[in-house]
Amino acid sequence: MATGYEKINLIKGLLKTKMTVEQLASVLGCGTRTVFRHLDVLAKENCGLRKSKEPGGPMYYVIQTNEEVNFNQNIVKQLEKIKKNMSGSNAQDIKNLKLVDKIIEQLGVTNPDDFKPEAITTDPDYILDYGPFSDNKLQSTNINKVLKAIHEQFKIKISYRPSSHAAEPSTFELRPVKIIMRMDTLYLIAADESFEETGVFKNFLFENIISVQETNTAFQKIAFDAAVHYKYTFGKYTSLAKFEDVSLLVKNKWLQTQFERSHFTPEATRRMDRDGNMIVDLKLRLTPDFKTWLLGVSPDVKILKPASLKEEIKEMLKKTLAEMDD
Numbered sequence: 002m003a004t005g006y007e008k009i010n011l012i013k014g015l016l017k018t019k020m021t022v023e024q025l026a027s028v029l030g031c032g033t034r035t036v037f038r039h040l041d042v043l044a045k046e047n048c049g050l051r052k053s054k055e056p057g058g059p060m061y062y063v064i065q066t067n068e069e070v071n072f073n074q075n076i077v078k079q080l081e082k083i084k085k086n087m088s089g090s091n092a093q094d095i096k097n098l099k100l101v102d103k104i105i106e107q108l109g110v111t112n113p114d115d116f117k118p119e120a121i122t123t124d125p126d127y128i129l130d131y132g133p134f135s136d137n138k139l140q141s142t143n144i145n146k147v148l149k150a151i152h153e154q155f156k157i158k159i160s161y162r163p164s165s166h167a168a169e170p171s172t173f174e175l176r177p178v179k180i181i182m183r184m185d186t187l188y189l190i191a192a193d194e195s196f197e198e199t200g201v202f203k204n205f206l207f208e209n210i211i212s213v214q215e216t217n218t219a220f221q222k223i224a225f226d227a228a229v230h231y232k233y234t235f236g237k238y239t240s241l242a243k244f245e246d247v248s249l250l251v252k253n254k255w256l257q258t259q260f261e262r263s264h265f266t267p268e269a270t271r272r273m274d275r276d277g278n279m280i281v282d283l284k285l286r287l288t289p290d291f292k293t294w295l296l297g298v299s300p301d302v303k304i305l306k307p308a309s310l311k312e313e314i315k316e317m318l319k320k321t322l323a324e325m326d327d
């Protein structure tokens, strides 16, 4: 059975073309109320969801690309300016106002400010994972250059500043594969010169990319699976460290719901004990964001294994309390 996460992504793909709620319900094999719930989630994501209704016809939904949004936005703004110059004091103005309003309605918007120029593209090589604090705030020519190189399968050269800003920028020649927003961070996923030997893709923070230079060197398309790339990962950090078998006893009902709805690779297993607590078994690499998360929910989560993780979190809590007392 598809998860809510997978259904949302399926709807995003379907809405590259205009569809009614009834059409979506038929394709998804669910009721219209369920479709409306999914559309409400999409509306909150600011993914470029638009709705339009032709006179006497049904309501259509579509996820517009940047180009479509910007095109309509300019027209609507011009029409709104025309409206402001119409006094409405004579019959002709009243007639023209009605005509302008009808055109604006057919464009699917009544307020040009409703358009969001940062609306998210449905480009298959621009993946956005909506986690906490996620924000598609990075819009730059570098992104467009990288996407163009991915589509045309040409290598790029980037000038890249490491996260340690004291270090000097380095130049990398890369085979770009995907752009992914993971949690609140936008990454370029690419193969560098070590890929043939290791088979490991590298993550480059987009905010640390100073410049992108297109090359004339073509490369063969490289198979990429985001689930494999982020296997054993919690949050945004990837690592080559050995994964651990982690078991957590979750007491808080809200937190239990989060585990029911979350998407893990490999999939998490859940079971309930006699007291109504959920026990979650995970296979994860113990990355910094996972430990920080555990620290934040420590009153509601008991670490059953590994013992080393339990001791590490206890030490982190002791250190935090000591620093607060200073």
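Mind the numbering: the sequence shown is residues 2 to 327 in my numbering, read in order.
No residue lacks a Cβ here, since even glycine has one placed at the ideal position from N, Cα and C.
As the structure is a prediction and not an experimental result, all values here were calculated from the model.
Item to complete: Measure the alpha-carbon distance for Leu80 versus Leu98 and round it to whole angstroms.
Response: For the purposes of this step, residue 80 is taken as the residue at position 79 of the sequence shown. For the purposes of this step, residue 98 is taken as the residue at position 97 of the sequence shown. One C-alpha to the other measures close to 10 Å.
Discussion item. I need the boundaries of the beta strand (DSSP E) containing Arg176, first residue and last residue.
Written reply: Residue numbering aside, residue 176 sits at position 175 when the sequence shown is read from its first letter. Start and end: Ser171 to Met184.
Worksheet item: Would a C-beta distance cut-off of 7 Å place Ser248 and Leu305 closer than the cut-off?
Response: Residue numbering aside, residue 248 sits at position 247 when the sequence shown is read from its first letter. Residue numbering aside, residue 305 sits at position 304 when the sequence shown is read from its first letter. Going by C-beta atoms, Ser248 is nearer than 7 Å to Leu305.
Worksheet item: By the 10 Å Cβ neighbour count, where 16 or more other Cβ atoms means buried, how is Ala308 classified, buried or exposed?
Response: Locating residue 308 in the sequence shown gives position 307, where the first residue counts as 1. Counting C-beta atoms within 10 angstroms of its own C-beta, Ala308 has fewer than 16 neighbours from the protein chains shown and is therefore classed as exposed.
Worksheet item: Excluding the five sequence neighbours on either side, which residues of its own chain have a C-beta within less than 8 Å of the C-beta of Ile1, listed in chain order?
Response: Residue 1 lies beyond the stretch modelled for the chain, which goes from 2 to 327, so this question has no answer here.
Worksheet entry | Three-state secondary structure (DSSP) of Ala150 | The residue labelled residue 150 in the question sits at position 149 within the sequence shown. It is helical.
Worksheet entry | Alpha-carbon to alpha-carbon, Arg34 and Thr193 | Counting from 1 along the sequence shown, the entry for residue 193 is found at position 192. Counting from 1 along the sequence shown, the entry for residue 34 is found at position 33. Going by the sequence as given, residue 193 is Asp instead of Thr. Rounded to whole angstroms, Asp193 to Arg34 spans 47 Å at the Cα level.
Worksheet entry | Separation of Asn278 from Val201, as counted between CA atoms | Locating residue 201 in the sequence shown gives position 200, counting from the first residue. Locating residue 278 in the sequence shown gives position 277, counting from the first residue. Taking the straight line from one Cα to the other gives about 38 Å.
Discussion item. Rounded to whole angstroms, what is the Cα-Cα separation between Tyr188 and Ala269?
Written reply: By one-based count along the sequence shown, residue 188 stands at place 187. By one-based count along the sequence shown, residue 269 stands at place 268. Answer to the nearest angstrom: the Cα atoms are 25 Å apart.
Discussion item. Looking only at its chain, what residues have a beta carbon closer than 8 Å to the beta carbon of Ile211, apart from the 5 residues adjacent to it on each side?
Written reply: One-based indexing of the sequence shown puts residue 211 at position 210. Counting only Cβ-Cβ distances below 8 Å, and skipping sequence neighbours, we find Ile159, Ser160, Tyr161, Arg162 and Pro170.
Worksheet item: Do you know how far the Cα of His39 is from the Cα of Leu29?
Response: Counting from one through the sequence shown, the residue named residue 29 turns up at place 28. Counting from one through the sequence shown, the residue named residue 39 turns up at place 38. Cα to Cα, Leu29 sits roughly 11 Å from His39.
Discussion item. Please identify the residue among Arg176, Glu55, Ala150 and Met60 whose C-alpha is closest to the C-alpha of Ile104.
Written reply: If you number the sequence shown from 1, residue 104 lands on position 103. With distances taken between Cα atoms, Ile104 lies closest to Glu55.
Worksheet item: Where does Gln221 sit, in a helix, a strand or coil, going by DSSP?
Response: Along the sequence shown, read from residue 1 onward, the residue named residue 221 stands at position 220. The answer is coil: DSSP assigns Gln221 none of H, G, I, E or B.
Worksheet item: Terminal residues of the continuous beta strand (DSSP E) containing Ser27?
Response: Residue mapping note: residue 27 aligns to position 26 of the sequence shown, counting from 1. From DSSP, Ser27 is part of no beta strand (DSSP E) but of the alpha helix (DSSP H) over Val22 to Leu29.
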